[in-house]
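Residue 227 is where the sequence shown starts when you use the numbering used here, and the numbers rise one by one after that.
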Amino acid sequence: MEKRKVSDSIVETVHMVRPQHLNASDRLFGGALMQWIDEVAGMVAKRHTRRNVITASVDSLSFLRGAYVKDTVVIIGKVTYVGNTSMEVKVDTYVEALSGERTPINHAYFTMVALDKNDRPVRVPRLELETEEEKEEWDKGEKRRELRMMRKEEGL
């Protein structure tokens with residue numbers, strides 16, 4: 227079975243918050259941010275699998291602080307865990323200051339499923355872990371998967 231490194235599929239995008247992205251409180255609309263992070267998760271999963279993918283679920287979508295007009299938003303996604311036909315993608319979002327300093331504003335974990343040409347789930351490449359951080363993320367990903375499976379069994 228094919229193997230890929232975490233670094234092979236990392237995606238980083240940059241957005242400027244514009245007036246059309248704001249909600250009634252003059253902050254970045256959560257739905258706009260969710261679209262951006264879902265797109266990043268999809269690109270990460272496509273790079274890892276080299277196939278079409280779909281979003282199966284989103285866990286732990288945490289809004290830590292707001293973003294405002296003219297803020298630079300940096301979104302970084304990477305594969306943290308793979309199963310048979312699905313993979314977990316961690317997406318971190320930051321506001322980047324002119325100095326380059328990044329302040330976290332959002333964290334999310336996506337479960338993405340790889341598809342064959344008939345839109346059926348297909349096996350994904352294994353994940354080659356190179357660093358201690360990647361191994362820790364894998365272990366946490368296994369635990370999150372177990373929780374997702376328990377919630378699924380309970381009908382939640």
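Note that beta-carbon positions come from the ideal geometry of N, C-alpha and C, so glycine has one too.
#### Entry: Short CB-CB distance (under 8 Å) between residue 354 and chain C
In the structure shown, chain C does not exist; there is a single protein chain.
### Query
Cβ of residue 300 within 8 Å of Cβ of residue 266?
For this step, residue 300 is matched to residue 74 along the sequence shown. For this step, residue 266 is matched to residue 40 along the sequence shown. Against a cut-off of 8 Å, the Cβ pair of residue 266 and residue 300 comes out as no contact.
### Message
Within 10 Å of its beta-carbon, does residue 257 have 16 or more other beta-carbons around it, so buried, or fewer, so exposed?
### Response
Here residue 257 refers to the residue found at position 31 when the sequence shown is read from its first residue. That one is exposed.
### Message
Rounded to the nearest angstrom, what separates residue 326 and residue 246 at their Cα positions?
### Response
In the sequence shown, counting from the first residue as 1, residue 326 sits at position 100. In the sequence shown, counting from the first residue as 1, residue 246 sits at position 20. Taking the straight line joining both Cα atoms gives about 25 Å.
### Message
Going by DSSP in three states, residue 230 sits in which element: helix, strand or coil?
### Response
Within the sequence shown, numbered from 1, the residue matching residue 230 stands at position 4. Three-state DSSP puts residue 230 in a strand.
### Query
According to DSSP, is residue 296 helix, strand or coil?
Within the sequence shown, the letter at position 70 stands for residue 296. Residue 296 falls in the coil class under three-state DSSP.
### Task
Put residue 348 into one of helix, strand or coil per three-state DSSP.
The count along the sequence shown starts at 1 and reaches residue 348 at position 122. Reduced to three states, the DSSP call for residue 348 is coil.
### Message
Only counting the same chain, and skipping five residues up and downstream in sequence, which positions put a Cβ closer than 6 Å to that of residue 331?
### Response
The residue labelled residue 331 in the question sits at position 105 within the sequence shown. 290, 291, 293, 319, 321, listed in sequence order.
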